[in-house]
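The opening residue of the sequence shown carries number 35 in this note's numbering; numbering runs sequentially from there.
Encoded as C-alpha cells, the structure appears first; notes follow it.
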Amino acid sequence: MERRAFLQSLAVLALASGCPLALAAESATAAFARRLRQAPWLLGFMGLAEDQQPLAMKVQGRFPAELRGTLYRNGPALMARGNERNEHWFDGDGMVQAFRLDGAKASHQGRFVRTPKFLKEQKAGRFLLPATGTYRQAEVPMGTNDDINTANINVIPFAGKLLALWEGGSATELDPDSLATLGQRTWAPGLEHMPFSAHPIRDKDGSLFNFGAAPFAGEPAVMLYHLAPDGRLRNSKLLALPFGGYMHDFAASDRYLVLLNSSCVYQGGRTYVEGFAWQGQRPSQLLLVDKHSLELVRTLEVPASFAFHFAGAEERGGELWVTLCRYRDASMMLSGMKELLATGQSQASQATLAQFRVNLASGKVDLWDSGLDMEFPGRDWRQAQHQGWVFGAGSSGQAQSLLSDALVAYDPLRQQVHRHVYGPGIVVEEPRFIAKAGAKAGQGYLLHSFLDYRRRQSGLAVLDLANLAGGPIAMAHMDRVLPLGFHGSFVAA
Ligand SMILES: [Fe+2]
35 MERRAFLQSL
45 AVLALASGCP
55 LALAAESATA
65 AFARRLRQAP
75 WLLGFMGLAE
85 DQQPLAMKVQ
95 GRFPAELRGT
105 LYRNGPALMA
115 RGNERNEHWF
125 DGDGMVQAFR
135 LDGAKASHQG
145 RFVRTPKFLK
155 EQKAGRFLLP
165 ATGTYRQAEV
175 PMGTNDDINT
185 ANINVIPFAG
195 KLLALWEGGS
205 ATELDPDSLA
215 TLGQRTWAPG
225 LEHMPFSAHP
235 IRDKDGSLFN
245 FGAAPFAGEP
255 AVMLYHLAPD
265 GRLRNSKLLA
275 LPFGGYMHDF
285 AASDRYLVLL
295 NSSCVYQGGR
305 TYVEGFAWQG
315 QRPSQLLLVD
325 KHSLELVRTL
335 EVPASFAFHF
345 AGAEERGGEL
355 WVTLCRYRDA
365 SMMLSGMKEL
375 LATGQSQASQ
385 ATLAQFRVNL
395 ASGKVDLWDS
405 GLDMEFPGRD
415 WRQAQHQGWV
425 FGAGSSGQAQ
435 SLLSDALVAY
445 DPLRQQVHRH
455 VYGPGIVVEE
465 PRFIAKAGAK
475 AGQGYLLHSF
485 LDYRRRQSGL
495 AVLDLANLAG
505 GPIAMAHMDR
515 VLPLGFHGSF
525 VAA
C-alpha cells in the first residue's frame, strides 16, 4: 500500500474510533479540507479567522420598506486555531453579523466578540481553554465560567445596547453601530458570572425574563431573572431542581414562565456536552413559575423529551399549551453535531413541531406531534398561539445532509403546512418575522440568511409569510462565506 493511502486509511480509522491518530496521520486542517470535498455543506462549519469588513451585497428585487434596518445574527465563527479544529458546532467563538438593508441596497459586516477567552487565545495564536464540546485542558488558570464564555448563540437589542448571549455565563454588551465589544454585563451585585440563557423573553411591558441553567452546580439549579426595560434588575431567584436536565430556551404564558427540565441529564464528564446523558426512562418535567414572584408553583411530568427551542405557551379553557421543536432523544446534541462535523452526515433524531397540552385541573398532559420537521421556530407574538402560524427552518426531505433546505410554516387553524423549498446547495437559517405596516396581526415578512455552498456565497432572502410557496420577494448575496449561525434579531431603522 502506498504511504499516502495508508495514512488516509489510518485517518479514517482514527476518526471512526475517535482516537488521536488522526492528528498523527494528517493535520486537522487537511482532514477538514478532505471532508469538505466529500460533503460540501461542511463549508458552513469551516469558520472564519478575521473580522469581516463592510461589504455591499448584490440585491435582486427590493426589500420592503418595513425591512429598512439591520438584521443582527450571532453564531460560532472561529472554528480553528493553529492546527487544531473545534469538533462541536457549539465551540466556535462568536461573531456578530450585521446585515444592513435599505430598499435595493444591502451590506454585510461581521465582528468577533472580544470575550476574555477570544482575546487570550488570539494573542497566543492557539486554543488555551476548555470548550463546550471539544475536550481540551486549560493551559492558563481559570477563575470562573466566564473565562470560557464564547458569546456565540444569540444577539438581541436591550436597554440601548446589543447583547451577545451565551448560556453558561454573562451577557456581553456590544455597540449596535460598530459592533465593538463593551464588556460583560452583570445585572446586580452578587450575580457576577451567573448563567444567563441565550433566549430571554420580552414581556408586553418591554421587560425581559430569562433563566440561566446550572446543572453542573453541586445541587442542580436554575437562576431566574426579571429585568426592567432599562436593564435594572426587578427580581431574581435561584430555583433548586430535582435533576439537572439540559435547558436552552423556555416559554411564557400570561401567568407563567414554563421551563422544560429535559431527560438529557447532567452527570459530569470531560466536557460540558459529554457531561450529559440521555435518560429515556425518566419523564421530563414542565416547571411552571409565577411571573410576578418567580416562585415555582407547579411541576408536571411529561414524556421524556429534549428540546432546544420553544414557540410559546398559552392558557386557554383550563389548559396550558406549550409549543416546542421536540426531539425524541438528545442524540443531536450528544453525538449528532460531532458526527456531522467529522463525517458530513449524522443519523441523529430531528426535531418536529409539537405541543404539550396540559389540563391544569387534573395535571394530565397530552403530547401532540405535527410530524413536521422544524427548528429555529418563530411566530408573530401579537397573535394567540392557537391562531397564529408557527414557522421555522425545515426540510424538503431531499437534502443531501440533515441541514435545513426549506422554510416551513404551520397554520394551526386549518392544520396546513406551507413551505418554500430552495434548490440543492442552500442551507436555510433562522427566519425572523417582520410585521407588515398597517396589516392585521399575523401578516408579515420572513427574513432569513442562507448559505449557498455550491456557489460559495452567503445571502439573505425575504418572503411573504402568507405566500411562502411564491418564494423570495427579494434576495441579497455576496462572494463571502459566513459560518452557519444560530440566532439573531431584526432592528428597524
Ligand atoms: Fe437557541
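C-beta: ideal position from N, C-alpha, C; glycine also.
- In this model, residue 207 and residue 483 are separated by some 23 Å (Cα to Cα).
- Scanning the region 366–421 from its first residue to its last, the whole alpha helix (DSSP H) runs of 4-plus residues come out as 371–377.
- Counting the other CB atoms within 10 Å of its CB gives residue 160 a total below 16, which places it among the exposed residues.
- A distance criterion of 7 Å places the beta-carbon of residue 282 in contact range of ligand 1, judged by its closest non-hydrogen atom.
- Set against 7 Å, the gap from the CB of residue 187 to the closest heavy atom of ligand 1 is smaller.
- Residue 232 has its Cβ nearer than 7 Å to a heavy atom of ligand 1.
- In the DSSP assignment, residue 104 forms a beta bridge with 134, 525.
- Around the Cβ of residue 178, a 10 Å sphere holds fewer than 16 other Cβ atoms; the residue is exposed.
- Under the three-state reduction of DSSP output, residue 156 falls in the helix class.
- Going by beta carbons, residue 205 and residue 199 fall inside the 8 Å limit.
- Annotated as proximal: residue 342 and residue 283, with beta-carbon spacing under 8 Å.
- Scanning its chain for C-beta atoms nearer than 8 Å, with the 5 sequence neighbours on each side dropped, one finds around residue 513 the residues 490, 491, in chain order.
- If the five residues before and after residue 261 are omitted, its C-beta is found closer than 7 Å to the C-beta atoms of 221, 241, 242, 267, 268, all from its own chain and listed in chain order.
- Counting every other CB atom within 10 Å of its CB across the protein chains shown gives residue 499 a total of 16 or more, marking it as buried.
- In this structure, DSSP gives residue 186 a state outside helix and strand, which the three-state scheme calls coil.
- Boundaries of the beta strand (DSSP E) around residue 145: 139–146.
- For residue 453, the enclosing beta strand (DSSP E) has its first and last residue at 450–455.
- Within the same chain, 468, 469, 470, 471, 478, 479, 526 come within 8 Å of residue 100 by CB-CB distance, once the 5 residues on both sides are set aside.
- Exclusion of the five residues before and after residue 322 leaves 290, 291, 292, 330, 331, 332, 333, 334, 354 as the residues of its chain whose Cβ lies within less than 8 Å of its Cβ.
- Taking 8 Å as the cut-off, the Cβ atoms of residue 275 and residue 328 do not count as close.
- Within the same chain, and ignoring the five residues on either side of residue 402 in sequence, the residues whose Cβ sits closer than 7 Å to its Cβ are 388, 389, 391.
- Taking 3 residues as the shortest admissible run, the region 291–321 contains the following complete beta strand (DSSP E) segments, listed from N- to C-terminal end: 298–300, 310–312.
- Here residue 127 is near residue 146, since their CB atoms are less than 8 Å apart.
- If you draw a straight line from the Cα of residue 304 to the Cα of residue 121, it is about 14 Å long.
- Non-local C-beta neighbours of residue 452 in its own chain, meaning closer than 6 Å and more than five positions away in sequence, comprise 443, 502, ordered along the chain.
- In this structure, residue 428 lies near residue 407, with their beta-carbon atoms less than 8 Å apart.
- In the assembly as shown, residue 167 is a buried residue. Its beta-carbon has 16 or more other beta-carbons within 10 Å.
- Restricting attention to 434, 180, 265, the CA atom closest to the CA of residue 203 is found in 180.
- Residue burial annotation: residue 138 is exposed, with fewer than 16 other C-beta atoms found within 10 angstroms of its C-beta.
- Here residue 269 carries a strand assignment [DSSP, helix/strand/coil].
- Counted as a single uninterrupted DSSP element, the beta strand (DSSP E) harbouring residue 481 occupies residues 478–486.
- With a cutoff of 7 Å, residue 342 counts as near ligand 1, since its C-beta is closer than that to a heavy atom of the ligand.
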